[in-house]
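Colleague: Protein sequences appear in the order of chains U and D.
Last residue of the first sequence: number 676 in the numbering used here, and the count goes up by one each step with no gaps.
Last residue of the second sequence: number 308 in the numbering used here, and the count goes up by one each step with no gaps.
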Amino acid sequence: MKSVVIEQKTLALNGDEAVAYAVKQSDVDVVAAYPITPQTIIVERFSEYVANGEVETAFICTESEHSALTACLAASLTGARTFTASASAGLALMHEMLFVTSGCRAPVVMAIANRALSAPINIHGDQSDTMAQRDSGWIQIYAENAQEVYDSVIQAFRIAEHPDVLLPAMVCLDGFQLSHSVENVNVLPDDVVKKFVGVRQFPTVLTHEGKMAPLKLDPENPMTMGPLAFPNYYFEFKRQQEEAMKNALRVIREVHDEYAKISGRTYGDGLLDPYFLEDAEIAIVCLGSTAGTVKTVVDELRAEGVKAGLLRMRTFRPLPVEGIKKALEHVKAVAVMDRSMSFGGFGGAVFHEVRHALYDLDKKPFVVNYIYGLGGRDTSPMQIRTIYEDLQEILAKKRVENPINYVGLRE
Amino acid sequence: MQNEWKFTAKDIAEKPDLFMSGHRACAGCAPATVMRLIMKALRGPTIVTQATGCMEVVSTIYPYTSWAVPWLHTAFENAAANASGIEAAIKMLKKKGRIKYEHVDVIAIAGDGGTYDIGIQALSGAVERGHDFLFVLYDNEAYMNTGIQRSGGTPLGASTTTSPAGEVIPGKLEPKKPIADIMVAHEIPYVATASPYYWRDLITKVRKGLEVEGPAFLHVFAPCPRGWRSDPAKSIELSRLAVETCVFPLWECVNGEYQLSVPSKVIAMAPQKKKPVKEYLAVQGRFRHLFTPKYEKLLDEIQRITDQRWQKLLKKCGIA
Chain U
266 MKSVVIEQKT LALNGDEAVA YAVKQSDVDV VAAYPITPQT IIVERFSEYV
316 ANGEVETAFI CTESEHSALT ACLAASLTGA RTFTASASAG LALMHEMLFV
366 TSGCRAPVVM AIANRALSAP INIHGDQSDT MAQRDSGWIQ IYAENAQEVY
416 DSVIQAFRIA EHPDVLLPAM VCLDGFQLSH SVENVNVLPD DVVKKFVGVR
466 QFPTVLTHEG KMAPLKLDPE NPMTMGPLAF PNYYFEFKRQ QEEAMKNALR
516 VIREVHDEYA KISGRTYGDG LLDPYFLEDA EIAIVCLGST AGTVKTVVDE
566 LRAEGVKAGL LRMRTFRPLP VEGIKKALEH VKAVAVMDRS MSFGGFGGAV
616 FHEVRHALYD LDKKPFVVNY IYGLGGRDTS PMQIRTIYED LQEILAKKRV
666 ENPINYVGLR E
Chain D
-11 MQNEWKFTAK DIAEKPDLFM SGHRACAGCA PATVMRLIMK ALRGPTIVTQ
39 ATGCMEVVST IYPYTSWAVP WLHTAFENAA ANASGIEAAI KMLKKKGRIK
89 YEHVDVIAIA GDGGTYDIGI QALSGAVERG HDFLFVLYDN EAYMNTGIQR
139 SGGTPLGAST TTSPAGEVIP GKLEPKKPIA DIMVAHEIPY VATASPYYWR
189 DLITKVRKGL EVEGPAFLHV FAPCPRGWRS DPAKSIELSR LAVETCVFPL
239 WECVNGEYQL SVPSKVIAMA PQKKKPVKEY LAVQGRFRHL FTPKYEKLLD
289 EIQRITDQRW QKLLKKCGIA
């Protein structure tokens, strides 16, 4: 990394506070939110910034998550930079509006402190909430630690608002493991972040009056947004969203690289973050904070001479298919870790996607699934080590006995 | 509030239509007339947001639109939340010098489903937060867009496709939810009712709703000939009859003070002018079953409830 990296101060922040701090620095016009554990600290901290006059942001404490996202969507279409945060049941209540937000091409940024879904009710961490929304048309970035949470939120505004993308983006942080754990976080100066995110720009479109005008609700250039589209047009709207997702693969990398130049921090290529993968024979694929635990185990195994590696997926939507293929084509056995379930499916969501991506390889690795950590259950280094041992056994036997496995489950 | 806006019929006729022709509303659709009248009352830059419903689907079929103002639809239950976001964005963008408008009026429009039922949470929240916007309810008394299903705004005895008049049940069993009074209970600065027959009164009330600072709520009566099984040529007459029978009295509540509007005040002053509810019900197919021996008792009940609500209103207005 070049030495243009800007001097930063180190703060002790938990993941939620890191989100709030990043939002404070990102010149956000409207924040609308509703409290839910483990996201609450985000809105509490942000409320303090508002109360102390530290931000120029309209803060709307809505009466529900549905209205929180609606208000962000409407404000975004009016031209504001917007942010909200939620988790679990709150995200589920937003479900309808998630699709409307991406369909309206509103670049809302949302932090999700990942939490289990009811029933039984459980406030602790797993990724069932965001995985259930993977087809909602939102970009999904999963952070490994509080530092990455901070960096990702800042990057998310740039990614979402990029004219080739114009899609809403979620930054996901594991509930409690990240949301409530205090870590050292290096933060950039306010003016540097403000300059990095810039002032929101709008693509120019042709209005019904035949004028070229910025795409927003503006009395001078009336536009109808959120219209009714019949079978003769609806499909094309959806195809455009897919194209925007494809563009996001490029933009996420570009924004990541540009940010790296000022911060000195990289997360793989912004999409995939490999660890000791180049010569690995066995590998784990996972997202979120668990990658930290896996890295510890990889270090141990490497010290023992085992060619173990890790592929952390930072970006799950859009899915970096080519990157996954390239990263894993030489690996002989892969364990995909899912912190959610797809009931009645063949394994979890990440397993579906990774195994699917590898299908076109001439020489396919064995790919097995490990479901873990639901409802906040701890996953220990010992359990991770067992997964690597299973992969070694698969290689020795040259066959898979149990494609779907559960980590640390009473059975 | 500013000095009352004075206008002539000619002024209104000459004002360009901001809800334009070419939409696909049914013949005799009163809500479409209501939209046109609302848009005649604008005073400057305005953004309109609308809940899912008849007026949304007939007016914005891609790639066409009837709206000559910026217009947004996002979902069914959240017109007031849309308005919250728009209003907050405008204020902050203005503060940061990113838009040039001194002020932008925000109007949220929803039908009875999007107000009484699925929309009431967002509406209650938005007015509690004090956003400066006008919410207009066009009440055609059922989910007409989906095919005449009952809502919280459907009146007692009306036959709808989910409260059909059958052998043992005489249509809807419950009276209308008193939505405008519920909005008054939120202690917002302006609540009023209006009917398109009294178009001048309606336009004036829209304007007042825009002029007050803070949330305003306007409940507009809007006959639907398809759903009410009424003559499409008589929608505006029905709008008058509803007022003359006191089924839908016209009033305003400004800062908590109720006041009858002229058409209803006339009846309050000369009670002999109050027409029997039967006259209103008899011309609508949705009440046809009430005119059979089996269910005719319900006519008395409807009259009783109408009178009771009218008396309550008179009391609130300091009359009687």
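We put the beta carbon where it would ideally sit given N, CA and C, even for glycine.
What did DSSP end up calling A434 of chain U once you bin it into helix, strand or coil?
Modeller: strand
Colleague: Does the count of Cβ pairs from the segment 620 to 634 of chain U and the segment 3 to 10 of chain D closer than 8 Å reach three?
Modeller: no
Colleague: Cα separation between P281 of chain D and Q506 of chain U?
Modeller: 60 Å
Colleague: For K597 of chain U, which residues from the same chain have a beta carbon less than 6 Å from its beta carbon, with the 5 sequence-adjacent residues on both sides left out?
Modeller: E546, P630, L660
Colleague: Go ahead and pull the three-state DSSP assignment for M488 of chain U.
Modeller: Of the three classes helix, strand and coil, the one that applies to M488 of chain U here is coil, per DSSP.
Colleague: With a threshold of 8 Å between beta carbons, is S268 of chain U in contact with chain D?
Modeller: Because S268 of chain U sits at a pLDDT of 45, beneath the cut-off of 50, its placement in the model cannot be relied upon, and the following sentence gives the value as read from the coordinates. No, S268 of chain U lies away from the interface with chain D (no Cβ there is under 8 Å from its Cβ).
Colleague: Identify whether C326 of chain U lies in helix, strand or coil by the three-state DSSP scheme.
Modeller: strand
Colleague: Residues of chain U with CB under 8 Å from Y50 of chain D, in chain order?
Modeller: P492, L493, A494, F495, Y498
Colleague: Since Y186 of chain D and L238 of chain D should fall inside the 8 Å C-beta cutoff, what is the C-beta to C-beta distance between them, to a whole number of angstroms?
Modeller: 7 Å
Colleague: For chain D, check one thing: does any of its Cβ atoms lie closer than 8 Å to the Cβ of S291 of chain U?
Modeller: Chain D contact via Cβ: absent.
Colleague: Run through DSSP, which three-state label would P479 of chain U get?
Modeller: strand
Colleague: May I ask you to report which of helix, strand or coil DSSP gives E175 of chain D?
Modeller: coil
Colleague: Between the alpha carbons of V296 of chain U and A76 of chain D, how many angstroms are there, rounded?
Modeller: 9 Å
Colleague: Considering only residues of the same chain and omitting the five flanking positions on each side of A357 of chain U, which have a CB-CB separation below 8 Å?
Modeller: L382, D394, A397
Colleague: By alpha-carbon positions, which one of D:G10, D:Y246, D:M257, D:K261 ends up nearest to L301 of chain D?
Modeller: D:Y246
Colleague: Which same chain residues, not among the five before or five after P33 of chain D, have their C-beta less than 6 Å away from its C-beta?
Modeller: Y89, V92
Colleague: First and last residue of the beta strand (DSSP E) that includes S351 of chain U?
Modeller: 347 to 351
Colleague: Determine which residues of the segment 326 to 341 of chain U have a Cβ less than 7 Å from any Cβ of chain D, and write them out in chain order.
Modeller: Only those residues of the segment 326 to 341 of chain U whose C-beta falls short of 7 Å from the nearest C-beta of chain D are listed: T327, E328, S329, H331, S332, T335, A336, C337, L338, A339, A340.
Colleague: Of the residues that make up the segment 290 to 320 of chain U, which ones have a beta carbon closer than 8 Å to any beta carbon in chain D?
Modeller: So the close ones are D294, V295, A297.
Colleague: Give the DSSP-derived three-state secondary structure of Y532 of chain U in the structure shown.
Modeller: Of the three classes helix, strand and coil, the one that applies to Y532 of chain U here is coil, per DSSP.
Colleague: By alpha-carbon positions, which one of D:R292, D:I293, D:A230, D:V36 ends up nearest to E267 of chain D?
Modeller: D:A230
Colleague: Who are the Cβ neighbours of A425 of chain U in its own chain at under 8 Å, not counting the five residues just before and after it?
Modeller: P372, V373, V374, I404, L431, L432, P433, A434
Colleague: Give a yes or no on whether the minimum CB-CB distance between C551 of chain U and chain D is below 8 Å.
Modeller: no
Colleague: Residues in the segment 562 to 587 of chain U with C-beta within 9 Å of chain D's C-beta atoms, listed in sequence order?
Modeller: none
Colleague: Is the CB of R117 of chain D under 8 Å away from at least one CB in chain U?
Modeller: At least one chain U Cβ lies under 8 Å of R117 of chain D.
Colleague: Just the chain D side, please: which residues come within less than 9 Å of C369 of chain U by C-beta, in chain order?
Modeller: Against chain D, a Cβ distance below 9 Å from C369 of chain U picks out L60, T62.
Colleague: Counting only beta-carbon atoms, is M488 of chain U nearer than 8 Å to chain D?
Modeller: Yes, its Cβ sits closer than 8 Å to a Cβ of chain D.
Colleague: Excluding sequence positions up to five away, which residues of its chain have a Cβ less than 6 Å from the Cβ of H521 of chain U?
Modeller: Excluding residues within five positions, the ones whose Cβ falls inside 6 Å are G535.
Colleague: Whole angstroms is fine: what's the gap from A548 of chain U's alpha carbon to V464 of chain U's?
Modeller: 42 Å
Colleague: Name the two residues that bound the continuous alpha helix (DSSP H) containing F209 of chain D.
Modeller: No alpha helix (DSSP H) contains F209 of chain D, which is instead part of the beta strand (DSSP E) from 204 to 209.
Colleague: Are the C-beta atoms of H360 of chain U and some chain D residue less than 8 Å apart?
Modeller: no
Colleague: Between C551 of chain U and R577 of chain U, which are expected to be in contact by the criterion C-beta below 8 Å, what is the C-beta distance as a whole number of angstroms?
Modeller: With 8 Å as the limit, C551 of chain U and R577 of chain U qualify as a contact, their Cβ atoms being about 6 Å apart.
Colleague: Let me confirm a value: P177 of chain D is counted as buried when at least 16 other C-beta atoms fall within 10 Å, else exposed. Which label applies?
Modeller: So P177 of chain D ends up on the buried side.
Colleague: If C437 of chain U and A408 of chain U are in contact, beta carbons under 8 Å, what's the gap, nearest whole angstrom?
Modeller: 7 Å
Colleague: What are the boundary residues of the beta strand (DSSP E) that G107 of chain D is part of?
Modeller: Where G107 of chain D is concerned, there is no enclosing beta strand (DSSP E), given that its DSSP letter is neither H nor E.
Colleague: Rounded to the nearest angstrom, how far is the Cβ of K165 of chain D from that of R138 of chain D, given a contact under 8 Å?
Modeller: Not quite, the Cβ-Cβ distance comes to about 12 Å (not below 8 Å), so this is no contact.
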